[in-house]
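Student:
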Amino acid sequence: MPTDNETMRRIHAVIRAIPRGDVAGYGEVARRAGMPGRARLVARVLSLSEDRTLPWFRVLRSDGRIAFPPAHPLFDEQSQRLRGEGVDVVAGRVGHVHRAISLDEALWGPRA
DNA sequence: AATTTGACCCGTC
DNA sequence: AGACGGGCCAAAT
């Protein structure tokens, strides 16, 4: 499945749906968009997106770390934006975030 | 045409 | 906590 407009639209929609002060993993976004296992595609769509209103900073790695290396300029911007909406970010890592539990968490418990 | 490169993820050890 | 292997896949070399 190529990165056609429909695929991109669905991924954008899921990211736009992440509430303020909340975060989601790339793989989580992929699942919610009906494309399980396609985390890399989400990352790619994000990297190519021109939509400046998209809350890209709410998307993190599954382990809660910011995807960029600390040296990358977007690393600091993402940290700032998240802190700006109340998310605790320490050393590029989000701590315990106030958010509704996902289906995964309901079934398997919080990611340690 | 083959290989490498990413804003990745997961089970297993 | 980290490493390793496999899955993922469009773009760029």
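For the first sequence, the tail end lands on 117 under the working numbering, and the numbers increase by one without skipping. Built from N, CA and C at the ideal position, the CB exists for glycine as well. In this text, all values refer to a predicted model and were calculated from it rather than measured experimentally.
#1: What are the boundary residues of the alpha helix (DSSP H) that includes E90?
#2: Under 8 Å: do the stretch 34-53 and the stretch 73-87 share three or more Cβ pairs, one atom per stretch?
#3: Taking contact to mean at least 3 C-beta pairs separated by less than 8 Å, is the stretch 75-94 in contact with the stretch 46-55?
#4: Run the CB neighbour count on P60, radius 10 Å, all protein chains shown included, and call it buried at 16 or more, exposed below.
#5: Going by the beta-carbon positions, is the gap between R49 and T8 smaller than 8 Å?
#6: Measuring straight from C-alpha to C-alpha, what distance separates A35 and I16?
#7: For A96, does the three-state DSSP call read helix, strand or coil?
Tutor: Let's see:
#1: In the first sequence, residue 90 corresponds to position 85, counting from 1. Per DSSP, E90 belongs to no alpha helix (DSSP H) and is neither H nor E.
#2: no
#3: no
#4: As a position in the first sequence, residue 60 is number 55, starting the count at 1. Classification for P60: buried.
#5: If you number the first sequence from 1, residue 49 lands on position 44. If you number the first sequence from 1, residue 8 lands on position 3. Contact flag set, yes.
#6: Reading the first sequence from its first residue, position 30 is the one you call residue 35. Reading the first sequence from its first residue, position 11 is the one you call residue 16. If I take the Cα positions, the gap works out to 7 Å.
#7: The residue you call residue 96 lines up with position 91 of the first sequence. Coil.
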